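Residue numbers for the sequence shown follow my numbering, beginning at 250 and rising by one.
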Amino acid sequence: MAKKKNKKNQKKPRELVEKLSIFSLPEETKKWILGVVVFIVAIIVALSFFDRAGVAGSAIISVLTFLIGKGVFITPLILVVGGLVFFNTKYEKFMSPVILAIFIEIVGISGILESFSPGVKQGGWIGYAFTWPFLKLFGILVSKVVFSGVILVGGLIFWQLLRGGSIKEEKKPSFVSNGVSEGKPSLIKKFFAPKFKVKEIEPRIKETPQKSEEPVLELKSKEISRTAANGVMGAEYKIPPLDLLEEEKGKPSAGDTINNSAIIKKTLENFGLGVEMSEINIGPTVTQYAFKPADGIKLSKITGLNTNLALALASHPIRIEAPIPGKPLVGIEVPNKTRCKVRLRELISNPSFQKTASNLTIVLGKDVSGNPNYADLDRMPHLLVAGATGTGKTIFLNSLILSLLYQNSPQILRLILIDPKRVEFSAYRELPHLLCPVILDSQRAVNALRWLIMEMERRFDVLSGNGSRDISSYNGKVLKEGEEPLPYIVLIIDELADLMAARGREVEVGIVRLAQMARAVGIHLVVATQRPSVEVITGLIKANITSRVTFQVASQVDSRTVLDMAGAEKLLGLGDLLFISAETVKPRRMQGAYVSEKEVRKIVDWIKTENVHFGQSQEEGIEITEGLFGNHLAQDLEKTLEGGTGESGGTPVEEDPLYQEAKKMVIEAKKASASFLQRRLRIGYARAARLLDILEERGIVGPGEGAKPREVYFKQEIENNDEEGETWQKV
250 MAKKKNKKNQ KKPRELVEKL SIFSLPEETK KWILGVVVFI VAIIVALSFF DRAGVAGSAI
310 ISVLTFLIGK GVFITPLILV VGGLVFFNTK YEKFMSPVIL AIFIEIVGIS GILESFSPGV
370 KQGGWIGYAF TWPFLKLFGI LVSKVVFSGV ILVGGLIFWQ LLRGGSIKEE KKPSFVSNGV
430 SEGKPSLIKK FFAPKFKVKE IEPRIKETPQ KSEEPVLELK SKEISRTAAN GVMGAEYKIP
490 PLDLLEEEKG KPSAGDTINN SAIIKKTLEN FGLGVEMSEI NIGPTVTQYA FKPADGIKLS
550 KITGLNTNLA LALASHPIRI EAPIPGKPLV GIEVPNKTRC KVRLRELISN PSFQKTASNL
610 TIVLGKDVSG NPNYADLDRM PHLLVAGATG TGKTIFLNSL ILSLLYQNSP QILRLILIDP
670 KRVEFSAYRE LPHLLCPVIL DSQRAVNALR WLIMEMERRF DVLSGNGSRD ISSYNGKVLK
730 EGEEPLPYIV LIIDELADLM AARGREVEVG IVRLAQMARA VGIHLVVATQ RPSVEVITGL
790 IKANITSRVT FQVASQVDSR TVLDMAGAEK LLGLGDLLFI SAETVKPRRM QGAYVSEKEV
850 RKIVDWIKTE NVHFGQSQEE GIEITEGLFG NHLAQDLEKT LEGGTGESGG TPVEEDPLYQ
910 EAKKMVIEAK KASASFLQRR LRIGYARAAR LLDILEERGI VGPGEGAKPR EVYFKQEIEN
970 NDEEGETWQK V
């Protein structure tokens with residue numbers, strides 16, 4: 250006990266010394282002290298002229314006279330001006346400018362005194378040293394002009410230091426008024442204002458119309474930056490103007506934020522949880538109240554009070570984020586009294602979107618602080634969208650498509666749209682970016698997945714032959730050589746559940762294979778479903794698509810199916826979403842961008858009208874576009890979609906170089922199975938199964954019948970060694 254008391258007694262003198270130290274004083278007080286010291290020095294110098302400052306004063310006058318001559322009489326005035334600067338300036342780094350200004354004034358005054366009487370040293374040794382070169386080289390008149398200018402420069406520095414202080418004082422009240430919300434009672438303001446700050450979204454909304462012209466200009470510059478890629482054919486793609494999109498209207502209302510923060514603090518204190526309110530973020534849909542828990546409090550105790558906080562705030566549902574990513578705070582998200590729509594125009598016109606390097610940047614929405622959020626589809630590289638009916642999935646897909654159309658021409662980006670509901674993507678039917686008409690039935694959707702797999706393998710062969718690692722490096726090389734680049738292909742499925750119900754196994758295999766390998770060759774998937782169950786979003790699909798957007802779902806089970814955690818069941822619908830990716834540890838809440846069907850049709854019609862040379866339906870358009878983004882892609886895909894089996898269409902057997910060898914082995918061995926082809930050809934199961942499917946489609950082997958072996962057919966007669974003349978007969 251005695252040792253502890255001695256330690257405490259030892260600490261107190263140190264703390265007292267630190268408190269009394271001048272270095273712990275406020276910056277303003279330090280400036281005033283320096284100003285008083287300078288004034289005292291000026292008074293001492295002035296009294297020395299009349300022998301009223303003693304021996305020290307006489308010594309000061311002698312030294313100053315030796316250095317600056319008769320300029321010693323102006324020294325007190327210069328020091329007084331310097332002292333006024335210390336009292337008035339608001340600059341943080343003020344010492345160096347003041348010393349520089351005093352030195353410049355002394356040199357200027359000494360120099361001009363010496364210029365009037367050369368050789369007499371009326372400006373002291375300083376004046377003589379600075380004046381002598383000018384007198385020898387330029388003469389007396391030039392020397393007077395130069396040192397007059399030096400005096401003027403020193404005076405301007407003093408004036409700027411004094412004037413800078415008054416400007417700061419004028420701007421300070423308006424800055425403070427922006428940081429404090431209006432209409433707060435003085436008592437509440439007194440106790441709560443110093444403890445936390447309120448971040449609102451309103452200023453961002455108001456700034457958008459004022460800068461409406463600037464984003465348009467930036468959009469044009471972005472369009473010009475892509476002319477190098479678009480202009481390989483000589484046909485320039487025109488990006489739609491922002492005027493086709495509607496502007497932001499209205500602003501959110503969070504209600505009495507000060508009262509709500511007090512209720513949150515009191516409710517938690519009633520359960521023995523001490524917290525310190527930190528900040529309030531007002532977003533378009535919810536308001537986030539952030540606070541810092543006291544030391545030793547488990548976050549699980551706070552999250553367990555979800556229903557109690559909802560009851561106290563008379564608001565449901567609320568969501569607790571513990572902790573907020575990147576901050577040592579806990580956030581409680583409370584629905585706003587009045588929500589506001591987040592328009593696509595505001596997000597596309599934002600400089601953050603226009604300055605992105607990636608061509609596949611998509612719009613997500615605004616977070617709880619009102620900040621715009623974007624994502625790079627190239628880095629995701631695939632996206633899963635889930636949510637109940639009417640929560641905003643289709644609107645999100647429309648905003649995603651439009652954000653891509655505002656960046657890419659059909660030469661850079663091609664789209665494949667699958668719409669089992671037949672009505673969601675009807676507005677895009679004549680869009681020049683489409684690689685094929687909108688797919689409406691499950692059989693054509695499966696064929697499209699098969700074609701994408703073949704196109705993926707073909708692109709891997711092209712990249713391998715070129716020595717490129719991915720599509721970006723490949724396109725960079727071929728564009729320099731003036732050759733045709735490979736366009737990005739984005740497959741968008743509006744309702745996965747319908748496809749899984751009709752052709753579940755085939756759809757799952759196609760999606761999984763593309764999700765595993767297609768990113769490097771520029772093929773990306775966006776898959777949406779309104780039934781996020783394990784039968785639809787299987788383990789393989791979820792494992793290969795790590796980026797997910799979840800809207801409001803019916804239950805916590807559905808939320809865990811998509812996000813592997815609860816939370817989506819507490820969303821508010823109408824575009825309220827959670828976004829998670831491989832780069833984020835926890836899901837981020839946002840309000841998705843809203844775009845109406847009318848806006849979609851206006852933009853698609855504008856693109857069709859202004860970019861007629863990119864159309865696929867006209868022969869002239871095919872001739873123009875055939876050279877660059879490969880009209881053979883559309884023709885190849887169309888054959889795959891139409892045929893399915895037989896020799897007239899469908900999957901070309903020559904695509905796999907091992908087909909002929911596999912056919913020969915099967916006929917000779919009179920048996921066919923995937924494991925047999927694996928052993929004989931030394932290939933993987935996926936390729937062996939694909940070869941077996943081709944053999945079945947060509948009629949060389951029979952269909953699988955469970956555990957029974959497949960029937961094998963043998964060649965009976967050959968006409969001119971042509972496969973079209975071959976006939977087959979059962980063994």
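Quick reminder that beta carbons are idealized off the backbone N, C-alpha and C, glycines included. The structure displayed is predicted, hence computed values, not measured ones.
Our contact map puts residue i next to residue j with C-beta atoms below 8 Å; I'd like the distance itself, whole angstroms only.
i: I667; j: I742; result: 5 Å
i: A842; j: R592; result: 7 Å
i: K912; j: I949; result: 6 Å
i: I406; j: I353; result: 7 Å
i: S796; j: H631; result: 7 Å
i: D616; j: R837; result: 6 Å
i: V806; j: A817; result: In fact, because the Cβ distance is near 11 Å, the residues do not count as touching under 8 Å.
i: L296; j: G284; result: No, L296 and G284 are not in contact; Cβ-Cβ is about 19 Å, not under 8 Å.
i: E585; j: A503; result: Reading off the sequence, residue 585 comes out as Asn, not Glu. The pair is a contact, with the Cβ atoms about 5 Å apart (cut-off 8 Å).
i: G759; j: L684; result: Contact doesn't hold; Cβ gap of about 16 Å is too wide.
i: A923; j: A937; result: 4 Å
i: I400; j: I358; result: 6 Å
Assign residue i to one of three DSSP states: helix, strand, or coil.
i: I982; result: Since the first residue shown for the chain is 250 and the last is 980, residue 982 is missing from the structure and cannot be characterised.
i: F828; result: strand
i: E518; result: helix
i: G948; result: coil
i: G388; result: coil
i: W655; result: The sequence given here places Tyr at residue 655; Trp does not occur at that position. Coil at Y655, not helix or strand.
i: P600; result: helix
i: V634; result: strand
i: M629; result: coil
i: A350; result: helix
i: P382; result: helix
i: P736; result: coil
i: V584; result: One detail in the question is off: residue 584 reads as Pro in this sequence, not Val. DSSP places P584 in strand when its eight states are reduced to three.
i: S722; result: helix
i: K615; result: strand
i: Q371; result: coil
i: G376; result: helix
i: N860; result: coil
i: A503; result: coil
i: K957; result: strand
i: Q909; result: helix
i: L683; result: strand
i: E495; result: coil
Classify residue i: buried if its beta carbon has 16 or more other beta carbons within 10 angstroms, exposed otherwise.
i: Q840; result: buried
i: D747; result: buried
i: A291; result: buried
i: P669; result: buried
i: R594; result: buried
i: N508; result: exposed
i: E848; result: buried
i: F602; result: buried
i: R568; result: buried
i: I943; result: buried
i: E518; result: exposed
i: M526; result: buried
i: S804; result: exposed
i: T640; result: buried
i: S808; result: buried
i: G992; result: Given that the chain is displayed from residue 250 to residue 980, the structure contains no residue 992 and the question cannot be resolved.
i: K957; result: exposed
i: P533; result: buried
Quick check: the segment 534–549 against the segment 578–587, are there 3 or more CB pairs under 8 Å?
-> These segments touch.
Entirely within the segment 750–820 and at least 4 residues each: give me those alpha helix (DSSP H) ranges in chain order.
-> Qualifying alpha helix (DSSP H) stretches, in chain order: 788–793, 805–812.
Take every Cβ of the segment 644–654, pair it with every Cβ of the segment 780–789, and state whether three or more of those distances are shorter than 8 Å.
-> Using a C-beta cut-off of 8 Å, the segment 644–654 makes no contact with the segment 780–789, since fewer than three inter-stretch Cβ pairs fall below that distance.
Can you list, in chain order, the stretches of the beta strand (DSSP E) that have 3 or more residues and sit fully within the segment 520–562?
-> Counting only unbroken stretches of 3 or more residues, the beta strand (DSSP E) elements lying wholly within the segment 520–562 are 524–531, 535–542, in sequence order.
Spell out a yes or no on whether the segment 721–735 and the segment 695–702 are touching, meaning 3 or more CB-CB pairs, one atom from each, closer than 8 Å.
-> In this structure the segment 721–735 does not lie against the segment 695–702, because fewer than three pairs of beta carbons, one per stretch, are closer than 8 Å.
Is the segment 543–560 in contact with the segment 489–500, if contact means three or more CB pairs nearer than 8 Å?
-> The segment 543–560 is not in contact with the segment 489–500.
At least 3 beta-carbon pairs within less than 8 Å: the segment 798–814 vs the segment 826–834 | The answer is yes - the segment 826–834 touches the segment 798–814, with three or more Cβ pairs under 8 Å.
Is the segment 380–400 touching the segment 359–372, taking contact as three or more C-beta pairs under 8 Å?
-> In short, these stretches touch, since the Cβ pair count reaches three.
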